[in-house]
Amino acid sequence: MESNCDFSPLMQNLEGGIKNIIELLETNLSILGNENYCVLGSLEDVKEQLIKIESMAASFYLNCYLSSFTDTYDELSIAAQILSKNRHGALIVVERRDSVDTIIQKGTAIGALVTAKLLGSIFYPGNPLHDGAVLIKGNQVVSAANVLPLTTAVTGDKKVGTRHRAALGISEKSDALALVVSEETGKISFALHGRLYPINTRNPILFHS
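The numbers in my numbering rise by one with no breaks, and the one at position 32 of the sequence shown is 18.
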């Protein structure tokens, strides 16, 4: 499962999108002092382009972060999109170089190949395993209903749910990547190295290369 982070089509789309935004901004800058032109409409276009770029960038980096550690990121993508659409909350931890065995409270052993159908059934509301975190090592769902350490860094006015705090917590104590689907909003995020990165679900591109 080696990877050189070469997802050429996705990278080309990302590069082209960034260049397009730069051109739009340069055009706005050139007409800014001309009273015959209003840049507000064009800036709205820039904002829409940025939303698309954010999604493509998240897709690219997720592929990079995961591809060396699991061959099943397409299944993770499908599962995340279905869970998001149905607003079924989920928390999926992909172990990378650091073992998380001593960091988590182990749940129920699964020992099955990662598939979108399996992840969807685990996180289906009412399933006894749906409240905890799924642990993935390589291409296997090792266990479900695992309990993760919660971050203490998110306080104050920031409204961060338990799943997101758990995702941040495990990412602070290891190099694991934690994928989160919000039950309230259906939004998808991933935590890595103590930071949370939202994925724009308005764009149908997610992880796919």
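Every residue, glycine too, gets a C-beta built ideally from N, C-alpha and C.
By the 16-neighbour rule on beta-carbons within 10 angstroms, Leu99 is exposed.
Cβ atoms of Leu115 and Thr94 come within 8 angstroms of each other, at about 6 angstroms.
For the pair of segments examined, the stretch 46 to 65 was found not to touch the stretch 84 to 94: the number of CB pairs separated by less than 8 angstroms stays below three. Take Leu134, set aside five residues on each side of it, and the residues of its chain with a beta-carbon closer than 6 angstroms to its own are Ile90, Ala119, Ala152, Gly155 and Ile156, in chain order.
The bridge partners DSSP lists for Val127 are Ala98 and Ile122. Annotated three-state conformation of Ala164 is strand, per DSSP. In the three-state DSSP reduction, Tyr23 falls in the coil class, being neither helix nor strand. Contact between Ile7 and Leu36 holds: their C-beta atoms lie close to 7 angstroms from each other, under 8 angstroms. Around Ala102, the same chain offers Glu61, Ile64 and Ala65 as residues with beta carbons nearer than 6 angstroms, after the five sequence neighbours per side are excluded.
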